[in-house]
Amino acid sequence: MSVQTDYDQAYTKRLAMIEKDPAYTILSSMNKPMAEAGGQVSQYIVYTDYQSKRQPRNSFSIFVYTPFENVDKYGHSKADFLAQLLFDIDHWKNTMHITVLETLGSESRLAFYDFQNMGLAQLALKAFINLARKADVKALDGNISSFDRDNFAKLQHIFTKFGFHCQTEDAEQGIGRITLKLN
Numbered sequence: 018m019s020v021q022t023d024y025d026q027a028y029t030k031r032l033a034m035i036e037k038d039p040a041y042t043i044l045s046s047m048n049k050p051m052a053e054a055g056g057q058v059s060q061y062i063v064y065t066d067y068q069s070k071r072q073p074r075n076s077f078s079i080f081v082y083t084p085f086e087n088v089d090k091y092g093h094s095k096a097d098f099l100a101q102l103l104f105d106i107d108h109w110k111n112t113m114h115i116t117v118l119e120t121l122g123s124e125s126r127l128a129f130y131d132f133q134n135m136g137l138a139q140l141a142l143k144a145f146i147n148l149a150r151k152a153d154v155k156a157l158d159g160n161i162s163s164f165d166r167d168n169f170a171k172l173q174h175i176f177t178k179f180g181f182h183c184q185t186e187d188a189e190q191g192i193g194r195i196t197l198k199l200n
């Protein structure tokens, strides 16, 4: 059995599980062989636990799953998702706040493969902005914390690429604030 076939099977199985679960909504997906993608992940599912109906909770996630380098020798996925964007929504202020945007990397104890620099965080961020627009949210914001110190410039680049304004408070410590006004 080829690796691509294992990836296809893992992708199909995960997609069916997400579609069956009423707690999740698929935001985007693609199922192309990696060779056609030019280094970016091209087999992925972006999904969320956010529901448009007001819920008693205010914290949600956007997840990015890929079978790429995530399939064990039995053809099963090792992890349910490889990137996660956690966010809070404030219905009174009509805003969303990014609390964490993380992709499993080699530094993570959970990582068995370095999923950074494959476009997963960008997929999550793009889905987040689209979700906010559909929810008629007027502003997005977040913090870049000292936890992100080593990746501060990379994070700043990703957020500005999507139209966020990055205000650096202390670049040496990796502290900053991001904001995006939506129409």
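Per the numbering used here, residue 18 is the first one in the sequence shown, and the count goes up by one each step. No residue lacks a Cβ here, since even glycine has one placed at the ideal position from N, Cα and C. Remember, it's a predicted structure, so these values are computed and weren't measured experimentally.
**Message:** For T196 and Y91, what's the separation of their Cα atoms in angstroms?
**Reply:** On the sequence shown, position 179 is the one that residue 196 refers to. On the sequence shown, position 74 is the one that residue 91 refers to. T196 and Y91 have their C-alpha atoms roughly 44 Å apart.
**Message:** Please return the same chain residues whose Cβ sits closer than 7 Å to the Cβ of N48, not counting the five positions on each side in sequence.
**Reply:** On the sequence shown, position 31 is the one that residue 48 refers to. Here the set comprises Y28 and Q60.
**Prompt:** How would you label I133, buried or exposed, when you count the other beta carbons within 10 angstroms and need 16 or more for buried?
**Reply:** For this step, residue 133 is matched to residue 116 along the sequence shown. The question names Ile, but residue 133 in the sequence shown is Gln. When all chains shown are included, Q133 counts as buried.
**Asked** Quick one, are the C-beta atoms of L157 and A149 less than 8 Å apart?
**Response** Stepping through the sequence shown from its first residue, residue 157 is reached at position 140. Stepping through the sequence shown from its first residue, residue 149 is reached at position 132. Cβ atoms of L157 and A149: closer than 8 Å.
**Item:** Simplified DSSP state of E86, which is helix, strand or coil
**Value:** Walking along the sequence shown from the start, residue 86 turns up at place 69. Three-state result, E86: coil.
**Request:** Compute the beta-carbon to beta-carbon distance between L103 and T120, rounded to the nearest angstrom, for a pair I have assumed lies under 8 Å.
**Result:** Along the sequence shown, one-based indexing puts residue 103 at 86. Along the sequence shown, one-based indexing puts residue 120 at 103. With 8 Å as the limit, L103 and T120 do not qualify as a contact, their Cβ atoms being about 13 Å apart.
**Prompt:** Unbroken beta strand (DSSP E) runs of length 3 or more, entirely within the region 135-196: which are they?
**Reply:** Runs of the beta strand (DSSP E) inside the region 135-196: 156-161 and 182-187.
**Request:** Take the Cβ of N87 as the centre, count every other Cβ of all protein chains shown within 10 Å, and call the residue buried at 16 or more, exposed below.
**Result:** The residue labelled residue 87 in the question sits at position 70 within the sequence shown. Classification for N87: buried.
**Request:** Return the chain-ordered list of same chain residues with a C-beta closer than 8 Å to the C-beta of T65, the five sequence neighbours on each side being excluded.
**Result:** Within the sequence shown, residue 65 is the residue found at index 48, counting from 1. Closer than 8 Å at the Cβ level, and outside the excluded window around T65, lie Y41, T42, L44, F77, S78, I79, F80, A144 and L148.
**Asked** Whose C-beta lies closer than 6 Å to the C-beta of I115 among residues of the same chain, with five residues either side of it excluded?
**Response** Position 98 of the sequence shown, counting from 1, holds the residue named residue 115. Hits under 6 Å: F104 and G159.
**Prompt:** Under a three-way DSSP split, which group does T23 fall into?
**Reply:** Translated into positions along the sequence shown, residue 23 becomes position 6. According to the sequence provided, residue 23 is Asp. The question's Thr does not apply to it. Three-state result, D23: helix.
**Message:** My output table needs one value for A33: the three-state DSSP class, helix, strand or coil.
**Reply:** By 1-based counting over the sequence shown, the position of residue 33 is 16. In the structure shown, A33 sits in a helix (DSSP, three-state: H, G or I).
**Prompt:** When DSSP builds the beta bridges, which residues end up paired with A60?
**Reply:** Here residue 60 corresponds to residue number 43 of the sequence shown, with the count starting at 1. In the sequence on display, residue 60 carries Gln and not Ala. BP columns for Q60 point to N48.
**Prompt:** Just how far apart, CA to CA, sit S94 and N200?
**Reply:** Numbered from 1 along the sequence shown, position 77 holds the residue referred to as residue 94. Numbered from 1 along the sequence shown, position 183 holds the residue referred to as residue 200. S94 and N200: Cα-Cα distance of roughly 39 Å.
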